[in-house]
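In our numbering, the protein residues as written are 3 to 151.
Even glycine gets a Cβ: it sits at the ideal position worked out from N, Cα and C.
Only a predicted model underlies this, so the values are computations on that prediction, with no experimental measurement involved.
Some notes on the structure that comes next.
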Amino acid sequence: MSLQASVIGYRDWAFPGGELVVTKERFEQGLTLPQYVDRMSVNRDRFVDALDEVTIGPDDAQILERLGGTRRVLVISEDWCGTCLAHVPFVAKLVEGRQDIELRLFPRDANLDLMDQYLKKGRYRSIPVFAFFDEHMNELARFLETRPS
């Protein structure tokens, strides 16, 4: 599996304009990637394979730099979701090895308080959701579910 920047291209991004609040304390309640994988009951092998197979190209590596100041990435996902299976490994690989960026994953159904801040079209609890924050928890950008092509 090779994912490109177009999978999570700027056409799919939204930039915050409302009053969304995710505190540092709430962010830290999320699961690390190893914790998320350990808790998976569906698609675990496929997810791990995707993590191993995904490659980050030069254009992909520039995504975080274009956002500027990204220090935390919040992911809302579920292990049964095929779209999450396509996108979450890409973002995990994107931040892998970056000591300056924290990744936290939140299972959607157990974290509706977060999910409801990122409703697609103001009403759908679509996943995955990726929200990018600076060191002060100011949201820089978000990516809401888009089916893989």
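Contact annotation, D111 with E80: C-beta distance approximately 7 Å; criterion of less than 8 Å satisfied. When the beta-carbon positions are compared, A63 and P91 stay at least 8 Å from each other. Ranking V39, M139 and A133 by CA distance to the CA of F145 puts A133 first. For the pair of segments examined, the segment 57-72 was found not to touch the segment 124-133: the number of CB pairs separated by less than 8 Å stays below three. Contact between E104 and R73 holds, with the beta-carbon distance rounding to 7 Å and staying under 8 Å.
Boundaries for V75: no alpha helix (DSSP H) harbours it, while the beta strand (DSSP E) harbouring it runs R74 to S79, taken from the DSSP string. Here F49 is near V39, since their CB atoms are less than 8 Å apart.
Cβ-Cβ distances below 6 Å link L69 to F134, L142 and A143 in the same chain, with the five nearest sequence neighbours on each side left out; the list follows chain order. Shown here for E137: same chain residues with a beta carbon closer than 6 Å to its own, the five before and five after excluded, namely R73 in chain order. An exposed status is given to L114, since fewer than 16 other beta-carbon atoms sit within 10 Å of its beta-carbon.
Of the residues assessed, G32 falls on the buried side of the cut-off, its CB having 16 or more other CB atoms within 10 angstroms.
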